[in-house]
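So the protein lines, in turn, are chains A and B. Residues in the first sequence are numbered from 1 upward in steps of one, following the working numbering. Residues in the second sequence are numbered from 1 upward in steps of one, following the working numbering. Glycine included, every Cβ here is placed at the ideal spot set by N, Cα and C. Predicted, not measured: the structure shown is a model, and the values here were computed from it. Everything below concerns the one structure shown next.
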Amino acid sequence: AQTVTQSQPEMSVQEAETVTLSCTYDTSENNYYLFWYKQPPSRQMILVIRQEAYKQQNATENRFSVNFQKAAKSFSLKISDSQLGDTAMYFCAFMKPRWGSGNTPLVFGKGTRLSVIA
Amino acid sequence: NAGVTQTPKFRVLKTGQSMTLLCAQDMNHEYMYWYRQDPGMGLRLIHYSVGEGTTAKGEVPDGYNVSRLKKQNFLLGLESAAPSQTSVYFCASSLRAGADNEQFFGPGTRLTVL
Chain A
1 AQTVTQSQPE
11 MSVQEAETVT
21 LSCTYDTSEN
31 NYYLFWYKQP
41 PSRQMILVIR
51 QEAYKQQNAT
61 ENRFSVNFQK
71 AAKSFSLKIS
81 DSQLGDTAMY
91 FCAFMKPRWG
101 SGNTPLVFGK
111 GTRLSVIA
Chain B
1 NAGVTQTPKF
11 RVLKTGQSMT
21 LLCAQDMNHE
31 YMYWYRQDPG
41 MGLRLIHYSV
51 GEGTTAKGEV
61 PDGYNVSRLK
71 KQNFLLGLES
81 AAPSQTSVYF
91 CASSLRAGAD
101 NEQFFGPGTR
111 LTVL
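Following this line, the structure appears as structure tokens:
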């Protein structure tokens with residue numbers, strides 16, 4: 001079974017600084033997708049960035065970028081120029097290429113609570 | 001375009017009571033999902049639907065039932081609520097299966113069972 005591990009329950013960063021959130025996963029699949037979701041205090045789950053396993057180039061979305069190391073099964077999220085609005089829970093998630101009844105398409109980590117300090 | 005909406009936003013039940021959570025999406029998505037989120041854990045899939053009139057079990061289906069009579073609506077029912085079902089419930093939808101089809105989430109329903 002696939003598992004996703006986020007080893008940092010809580011982190012903090014000064015405004016305008018850079019922070020990296022860690023994520024490792026376990027799978028025997030060769031082709032899959034990885035995601036980072038943001039959940040602010042409003043509870044809304046927001047997709048931040050996605051990475052396709054067959055693409056070697058790391059995904060970027062404005063201030064958000066990932067460091068995808070397929071052999072090491074590592075998928076970290078870097079937030080540059082941190083802003084107060086980045087304060088949220090961040091979930092790493094793995095999507096299986098095939099799934100069905102009794103299973104789940106998205107396997108989530110337990111989350112990292114990020115606080116951006118002014 | 002409201003996206004994915006959920007009603008109610010909050011609910012308190014007594015053990016043994018029943019209730020239905022409603023999820024609605026206006027994006028013409030085929031797939032809809034119900035997740036639960038417990039403290040210190042990520043989201044876990046309860047049930048899902050791949051189209052109108054279909055439902056299937058997810059990772060943690062026990063104690064819940066679902067129905068998808070209309071494409072835009074996905075209902076989650078608790079027939080006899082238990083304290084273990086205290087959680088935040090999220091509905092999501094996607095155009096199709098596959099990771100290139102983003103799942104859009106509703107704002108969540110906080111349910112407390114006393």
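Inset, instruction - Answer with buried or exposed for A:ALA72, where buried requires no fewer than 16 other C-beta atoms within 10 angstroms of its C-beta. - result: exposed
Legend entry - Alpha carbon of A:THR20 to alpha carbon of A:LYS78, nearest angstrom: 4 Å
Legend entry - Under 7 Å from the C-beta of A:PHE108: neighbouring residues of chain B: Residues of chain B whose Cβ lies closer than 7 Å to the Cβ of A:PHE108 are, in chain order, GLY42, LEU43.
Inset, instruction - Determine the chain B residues that contact A:MET45 at a beta-carbon separation under 7 Å, and present them in chain order. - result: PHE90, PHE105
Legend entry - Contiguous alpha helix (DSSP H) assignments of at least 4 residues, all confined to the region 31-95 of chain A: Counting whole runs of 4 or more residues, the region 31-95 of chain A contains no alpha helix (DSSP H) stretch at all.
Inset, instruction - Let me know the beta strand (DSSP E) ranges lying completely inside the region 30-78 of chain B, each 3 residues or longer, listed in chain order. - result: Counting only runs of 3 or more, we get 31-37, 43-49, 65-67, 73-78.
Legend entry - Three-state class that DSSP yields for A:GLN8 in the structure shown: coil
Legend entry - Secondary structure of B:SER84, DSSP reduced to three states: helix
Inset, instruction - Please classify A:LYS38: is it buried, with 16 or more other beta-carbons within 10 angstroms of its beta-carbon, or exposed? - result: It counts as buried.
Inset, instruction - Please confirm if B:GLU79 has its CB atom under 8 Å from at least one CB of chain A. - result: no
Inset, instruction - Check whether the Cβ atoms of B:LEU75 and B:THR5 sit closer than 8 Å, and answer yes or no. - result: no
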